[in-house]
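These protein sequences, in sequence, are chains A and B. The first sequence begins at 1 in our numbering and counts up one residue at a time. The second sequence begins at 1 in our numbering and counts up one residue at a time. Just so you know, even glycine gets a beta-carbon here, dropped at the ideal spot from N, CA and C.
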Amino acid sequence: KQEVTQIPAALSVPEGENLVLNCSFTDSAIYNLQWFRQDPGKGLTSLLLIQSSQREQTSGRLNASLDKSSGRSTLYIAASQPGDSATYLCAVKETSGSRLTFGEGTQLTVNP
Amino acid sequence: NAGVMQNPRHLVRRRGQEARLRCSPMKGHSHVYWYRQLPEEGLKFMVYLQKENIIDESGMPKERFSAEFPKEGPSILRIQQVVRGDSAAYFCASSPRPPGIEKLFFGSGTQLSVL
Chain A
1 KQEVTQIPAA
11 LSVPEGENLV
21 LNCSFTDSAI
31 YNLQWFRQDP
41 GKGLTSLLLI
51 QSSQREQTSG
61 RLNASLDKSS
71 GRSTLYIAAS
81 QPGDSATYLC
91 AVKETSGSRL
101 TFGEGTQLTV
111 NP
Chain B
1 NAGVMQNPRH
11 LVRRRGQEAR
21 LRCSPMKGHS
31 HVYWYRQLPE
41 EGLKFMVYLQ
51 KENIIDESGM
61 PKERFSAEFP
71 KEGPSILRIQ
81 QVVRGDSAAY
91 FCASSPRPPG
101 IEKLFFGSGT
111 QLSVL
């Protein structure tokens, strides 16, 4: 059974800092991995999707890496801003089945 | 192009009543997924549907829960005889192709509260 863990559970940083969020998964037979952002009272917004054959994806100030063999992914946020404050979720899609397995998220607060 | 639309945003039911949650996928998306987020827990997969067909319901509780995605109209998640443990945020997502090929687009969710 796939399990996804995210560390830390919460993170508070001053504006402008670069930061790294971590995600680990127990079964390396994944099809892809996605990072989402969830704002309070709202749905999830997909940030980056990394296929199993890829090592990283970049979008603006965000960079996500994937090391499938070790079961790890990181989300790097450069020059953080207060608007980045949200919960960040990592989810893996296994090679079989249709479900995404989510971690419990990292709650990020960026202080002005 | 409107996003995934879910309604109602908030739904209050008394124990024993029925709850019907609706989801309209993005235009052109024929694949719909339902996830549940219980308090203090992560999102859990419930069911995957493609127009008129249930493809994977391995995450659905065996009793009281059902889902449909008719040829016309929104997808419906139906919970019969609700209990307090059903209180959660229910999220719908859609995609234009089978899971894994592209990103999933999520709705804003329906917060179900059972009194």
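Determine the closest residue to phenylalanine 65 of chain B out of B:Leu43, B:Ala2, B:Arg20, B:Gln6, with distance taken between C-alpha atoms. What you label residue 65 of chain B is simply residue 65 of the second sequence in a count that begins at 1. Cα-wise, what sits closest to phenylalanine 65 of chain B is B:Arg20.
Taking only beta carbons into account, state which residues of the stretch 90-108 of chain B come closer than 9 Å to chain A, listed in chain order. Phe91, Cys92, Ala93, Pro98, Pro99, Gly100, Ile101, Glu102, Lys103, Leu104, Phe105, Phe106, Gly107, Ser108
Counting only the same chain and skipping the five closest in sequence on each side, list residues whose C-beta sits under 7 Å from that of glutamate 52 of chain B. The sequence position of residue 52 of chain B within the second sequence is 52, counting from 1. Here the set comprises Phe69, Pro70, Lys71.
Residues of chain B with a CB under 8 Å from the CB of arginine 72 of chain A: which are they? Residue 72 of chain A sits at position 72 when you count from the first residue of the first sequence. Near arginine 72 of chain A there are no residues of chain B at all, since even the closest Cβ is about 18 Å away, more than 8 Å.
Which residue wins for smallest C-alpha separation from alanine 2 of chain B, given the options B:Phe106, B:Ser113, B:Met46, B:Gln50? Stepping through the second sequence from its first residue, residue 2 of chain B is reached at position 2. Closest option to alanine 2 of chain B, Cα to Cα, is B:Phe106.
Counting only runs of 4+ residues fully inside the stretch 17-55 of chain B, write out the alpha helix (DSSP H) ranges in chain order. none
Alanine 89 of chain B and glycine 73 of chain B - do their beta-carbons sit closer together than 8 Å? Numbered from its first residue, the second sequence carries residue 73 of chain B at position 73. Numbered from its first residue, the second sequence carries residue 89 of chain B at position 89. Result no, Cβ atoms of glycine 73 of chain B and alanine 89 of chain B do not sit closer than 8 Å.
With 8 Å as the limit, tell me which residues of the stretch 39-59 of chain B have their beta carbon closer than that to any beta carbon of chain A; keep them in chain order. Glu41, Gly42, Leu43, Lys44, Phe45, Tyr48, Ile55, Asp56, Ser58, Gly59
Is the Cβ of phenylalanine 25 of chain A closer than 8 Å to any Cβ of chain B? In the first sequence, counting from the first residue as 1, residue 25 of chain A sits at position 25. So, not an interface residue.
Please name the residue or residues paired with phenylalanine 106 of chain B in a DSSP beta bridge. For the purposes of this step, residue 106 of chain B is taken as residue 106 along the second sequence, with counting starting at 1. Looking at the DSSP assignment, phenylalanine 106 of chain B forms a beta bridge with B:Ala93.
Given 7 Å as the limit, tell me if glycine 60 of chain A has its C-beta closer than that to any heavy atom belonging to the ligand ATP. Absence of the ligand ATP is noted for the structure shown, with no ligands found whatsoever.
Counterpart residues of methionine 5 of chain B in DSSP-defined beta bridges: Position 5 of the second sequence holds residue 5 of chain B. Looking at the DSSP assignment, methionine 5 of chain B forms a beta bridge with B:Ser24.
Neighbourhood of isoleucine 55 of chain B by C-beta, 7 Å cutoff - its chain only, sequence neighbours within 5 removed: Counting from one through the second sequence, the residue named residue 55 of chain B turns up at place 55. So the qualifying residues of the chain are Tyr48, Leu49.
Expected contact under 8 Å - CB spacing of cysteine 90 of chain A and leucine 49 of chain A to nearest Å: Here residue 90 of chain A corresponds to residue number 90 of the first sequence, with the count starting at 1. Here residue 49 of chain A corresponds to residue number 49 of the first sequence, with the count starting at 1. Not a contact, Cβ separation roughly 12 Å.
Report buried or exposed for proline 25 of chain B, applying the criterion of at least 16 other Cβ atoms within 10 angstroms of its Cβ. Looking up residue 25 of chain B in the second sequence gives position 25. By the 10 Å Cβ count, proline 25 of chain B comes out buried.
Residue range of the unbroken beta strand (DSSP E) whose run includes threonine 95 of chain A: Stepping through the first sequence from its first residue, residue 95 of chain A is reached at position 95. Neither: threonine 95 of chain A is in no beta strand (DSSP E) and is coded neither H nor E.
Since arginine 61 of chain A and isoleucine 77 of chain A are thought to touch, with beta carbons under 8 Å apart, how far apart are those beta carbons, to the nearest angstrom? Here residue 61 of chain A refers to the residue found at position 61 of the first sequence. Here residue 77 of chain A refers to the residue found at position 77 of the first sequence. Between isoleucine 77 of chain A and arginine 61 of chain A the Cβ distance is about 6 Å, and since that is below 8 Å, they are a contact.
Residue environment, isoleucine 7 of chain A, which counts as buried when at least 16 other CB atoms sit within 10 Å: Within the first sequence, residue 7 of chain A is the residue found at index 7, counting from 1. Looking at its Cβ environment, which holds fewer than 16 other Cβ atoms inside 10 Å, isoleucine 7 of chain A is exposed.
Under a Cβ-count criterion, where at least 16 other Cβ atoms within 10 Å of its own Cβ denotes burial, should glutamate 63 of chain B be classed as buried or exposed? For this step, residue 63 of chain B is matched to residue 63 along the second sequence. Around the C-beta of glutamate 63 of chain B, fewer than 16 other C-beta atoms lie within 10 Å, and the residue is accordingly described as exposed.
Does the separation of the CB atoms of leucine 77 of chain B and tryptophan 34 of chain B fall below 8 Å? Taking the first residue of the second sequence as position 1, residue 77 of chain B is located at position 77. Taking the first residue of the second sequence as position 1, residue 34 of chain B is located at position 34. Yes; because the gap between Cβ atoms is below 8 Å, this pair is in contact.
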